[in-house]
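*Asks:* Residue numbers (my numbering): 22 to 443. Starting off with a structure, shown below.
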Ligand code: CMC
């Protein structure tokens, strides 16, 4: 068997044969046949817009690896900062590299006082924290002269450190503002997740972070760190391809993440489970979804046609958290819903399985986070994924400014008609 594909343009009889590498062939073959020929591929269902060495995903087999390392091993043994280093640098750090990396990130956690006093204070009291987070990331870029200097490696590294270090600070600030409580400054003696929990929850002079909850947060951060070319990461790449500063690109990526079909789904899952209210209502709810009345949130995925491996890890982590916090009462409804859906031909035929968002919201809720914060909790760790892809994009000689073609379907030329004659 030859690893090639031959395409014939039946209008002209012209033929072109191109190699297939790793299941992919270059669309430039079409241009060889006819430079005005394009493929119609809404939502990029069968288009790879880049080569990437960062994350491997096999949706049919339920495999997810960062830089070759299985997500299960990273969730069990690693820390978020180590994974962040891995995603950005390609390899796990040595002891010294990790110490330097941790030190560098830790020393960028503070934000300019004007961000808090002027910018955040300008939001309406009930502003959604994710809306605040998106705008704060964009605003942050205005504080750094070098932000636009994206061709300079040292400057790029500085912005990457700042974004990874400051997103938990921005997130906690949005939350504290929303409940009218004073902001807690970062504590650089704490781990990345413990510092975040401390900024969120400390009320008096002391707040002890429970090690089990700190580890659960760490695992959630690891699981959400990257997921190759999803909607948010694609937004990061498309916007970044214009060579704007990384803060503006990351704000665009965060905006994409906010939607209920993407990172907003974890919020939607908890709202859905609360609306279902009790196990007896589960069958009727599933029937209503099958009848086309909304979707089963937290189910289905563009790429996974099998159980999302992150959902398996999160389901287990949920029990570790519930051992400390007590069981989330919505868990039983979630389990019943999963059970009914996984036996139902509608979901089986469409290969709809629980995704990362199905159980994450239950943990977040048990940890005390309000539903409005859920997508922010996804955005904090995903920031490093966006940045790893941004960095890869800038170094890729194949990349140019993103500019898809369109299939024009509007009217042909027509003459302007004066308003009185229409
Ligand atoms: N509940 C009920 N039916 C569904 C669902 C669902 N959650 N997801 C897909 N379907 C049906 C859909 O109606 C369609 O049926 P038919 O062929 O009869 O028209 C079929 O399954 C294929 O769906 P699709 O919309 O073509 O699939 P997609 O790949 O475009 O969408 C998705 C993927 C994640 C947007 C979708 O499954 C969905 O809306 N899920 C619920 C939202 C959710 O949980 N999102 C989180 C995704 S994971 C984290 C992240 O990426 O941020």
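Glycine residues also receive a C-beta, built at the ideal position from the N, C-alpha and C atoms.
Does the ligand CMC have a heavy atom nearer than 8 Å to the CB of residue 310?
*Replies:* The residue you call residue 310 lines up with position 289 of the chain shown. Flag set: Cβ of residue 310 near the ligand CMC.
*Asks:* How is the alpha helix (DSSP H) around residue 92 delimited, first residue to last?
*Replies:* Here residue 92 refers to the residue found at position 71 when the chain shown is read from its first residue. Where residue 92 is concerned, the enclosing alpha helix (DSSP H) stretches over 92–98.
*Asks:* Our contact map puts residue 288 next to residue 392 with C-beta atoms below 8 Å; I'd like the distance itself, whole angstroms only.
*Replies:* In the chain shown, the residue the question calls residue 288 occupies position 267. In the chain shown, the residue the question calls residue 392 occupies position 371. Between residue 392 and residue 288 the Cβ distance is about 5 Å, and since that is below 8 Å, they are a contact.
*Asks:* Throw me the rounded Cβ distance for the residue 351 and residue 294 pair, which I believe falls under 8 Å.
*Replies:* Indexing the chain shown from 1 puts residue 351 at position 330. Indexing the chain shown from 1 puts residue 294 at position 273. That pair is a contact at about 4 Å.
*Asks:* On the criterion of 16 or more Cβ atoms from any shown chain inside 10 Å, does residue 197 qualify as buried, or is it exposed?
*Replies:* Walking along the chain shown from the start, residue 197 turns up at place 176. Looking at its Cβ environment, which holds 16 or more other Cβ atoms inside 10 Å, residue 197 is buried.
*Asks:* How many Å lie between residue 239 and residue 214 at the Cα?
*Replies:* To locate residue 239, count along the chain shown from 1; it is residue 218. To locate residue 214, count along the chain shown from 1; it is residue 193. Roughly 6 Å between the two C-alpha positions.
*Asks:* Please report the residue range of the beta strand (DSSP E) in which residue 86 lies.
*Replies:* Here residue 86 corresponds to residue number 65 of the chain shown, with the count starting at 1. Unbroken beta strand (DSSP E) run through residue 86: 84–87.
*Asks:* Hey, is residue 378 close to the ligand CMC, as in C-beta under 8 Å from one of its heavy atoms?
*Replies:* Here the question's residue 378 lines up with position 357 in the chain shown. Result yes, Cβ under 8 Å from the ligand CMC.
*Asks:* Is it the case that the CB of residue 278 approaches a heavy atom of the ligand CMC more closely than 8 Å?
*Replies:* On the chain shown, residue 278 is found 257 positions in, with the first residue counted as 1. Residue 278 Cβ: within cutoff of the ligand CMC.
*Asks:* Should residue 323 be counted as a contact of the ligand CMC given a C-beta to heavy atom distance under 8 Å?
*Replies:* As a first step, residue 323 is located in the chain shown; it is residue number 302 there, counting from the start. It does: the Cβ of residue 323 is within 8 Å (strictly closer) of some heavy atom of the ligand CMC.
*Asks:* Confirm the yes/no value for this check: CB of residue 398, any heavy atom of the ligand CMC, distance under 8 Å.
*Replies:* Position 377 of the chain shown, counting from 1, holds the residue named residue 398. Result no, Cβ not under 8 Å from the ligand CMC.
*Asks:* Restricting to Cα atoms, I'd like to know which of 82, 55, 91 and 42 is closest to residue 69.
*Replies:* For the purposes of this step, residue 69 is identified with residue 48 of the chain shown, where counting begins at 1. Checked all of 82, 55, 91 and 42; the closest Cα to residue 69 is 42.
*Asks:* When DSSP labels each residue in this structure, what does residue 117 get in the three-state scheme?
*Replies:* For the purposes of this step, residue 117 is taken as the residue at position 96 of the chain shown. Residue 117 falls in the helix class under three-state DSSP.
*Asks:* So what's residue 31 in DSSP terms, helix, strand or just coil?
*Replies:* What you label residue 31 is simply residue 10 of the chain shown in a count that begins at 1. Three-state result, residue 31: coil.
*Asks:* Beta strand (DSSP E) containing residue 163: first to last residue?
*Replies:* What you label residue 163 is simply residue 142 of the chain shown in a count that begins at 1. Counting along the chain, residue 163 falls outside any beta strand (DSSP E), and DSSP gives it neither H nor E.
*Asks:* Please report the Cβ distance between residue 424 and residue 278, rounded to the nearest whole angstrom; I am assuming they are in contact, meaning their Cβ atoms lie under 8 Å.
*Replies:* Position 403 of the chain shown, counting from 1, holds the residue named residue 424. Position 257 of the chain shown, counting from 1, holds the residue named residue 278. Going by Cβ atoms, the distance from residue 424 to residue 278 rounds to 23 Å, so no, they are not a contact pair.
*Asks:* Which stretch, first to last residue, makes up the alpha helix (DSSP H) that contains residue 68?
*Replies:* Walking along the chain shown from the start, residue 68 turns up at place 47. No alpha helix (DSSP H) holds residue 68; DSSP gives it neither H nor E.
*Asks:* Within 10 angstroms of the Cβ of residue 122, are there 16 or more other Cβ atoms? Answer buried if so, exposed if not.
*Replies:* By 1-based counting over the chain shown, the position of residue 122 is 101. So residue 122 counts as buried.
*Asks:* Does the beta-carbon of residue 443 have 16 or more other beta-carbons within 10 angstroms, so that it is buried, or is it exposed?
*Replies:* Within the chain shown, numbered from 1, the residue matching residue 443 stands at position 422. The residue in question, residue 443, is exposed, as its Cβ has fewer than 16 Cβ neighbours within 10 Å.
*Asks:* Who are residue 42's beta bridge partners in DSSP?
*Replies:* Within the chain shown, the letter at position 21 stands for residue 42. The partner list for residue 42 (beta bridge, DSSP) reads 45.
*Asks:* Residues bridged to residue 391 by DSSP?
*Replies:* As a first step, residue 391 is located in the chain shown; it is residue number 370 there, counting from the start. Residue 391 is not bridged to any residue.
*Asks:* At 4 residues or longer, what runs of the alpha helix (DSSP H) sit wholly inside the stretch 230–311?
*Replies:* Here the runs fully enclosed are 232–244, 252–261, 267–278, 286–297 and 303–311.
*Asks:* Is it right to say residue 255 is buried, meaning 16 or more other beta carbons lie within 10 angstroms of its own, or is it exposed?
*Replies:* Along the chain shown, one-based indexing puts residue 255 at 234. So residue 255 ends up on the buried side.
*Asks:* Along the chain, where does the beta strand (DSSP E) containing residue 78 start, and where does it finish?
*Replies:* Mapped onto the chain shown, residue 78 falls at position 57. Start and end: 76–79.
*Asks:* Give the DSSP-derived three-state secondary structure of residue 438 in the structure shown.
*Replies:* What you label residue 438 is simply residue 417 of the chain shown in a count that begins at 1. Reduced to three states, the DSSP call for residue 438 is coil.
*Asks:* By DSSP, does residue 37 sit in helix, in strand, or in coil?
*Replies:* Within the chain shown, residue 37 is the residue found at index 16, counting from 1. Residue 37 falls in the strand class under three-state DSSP.
*Asks:* Determine the extent of the alpha helix (DSSP H) in which residue 101 is found, giving its start and end residues.
*Replies:* For the purposes of this step, residue 101 is identified with residue 80 of the chain shown, where counting begins at 1. Unbroken alpha helix (DSSP H) run through residue 101: 101–110.
*Asks:* If we count the other Cβ atoms within 10 Å of its Cβ and call it buried at 16 or more, is residue 310 buried or exposed?
*Replies:* Taking the first residue of the chain shown as position 1, residue 310 is located at position 289. It counts as buried.
*Asks:* If residue 162 and residue 269 are in contact, beta carbons under 8 Å, what's the gap, nearest whole angstrom?
*Replies:* The residue given as residue 162 occupies position 141 in the chain shown. The residue given as residue 269 occupies position 248 in the chain shown. At roughly 6 Å, the Cβ-Cβ gap stays under 8 Å, so residue 162 and residue 269 are in contact.
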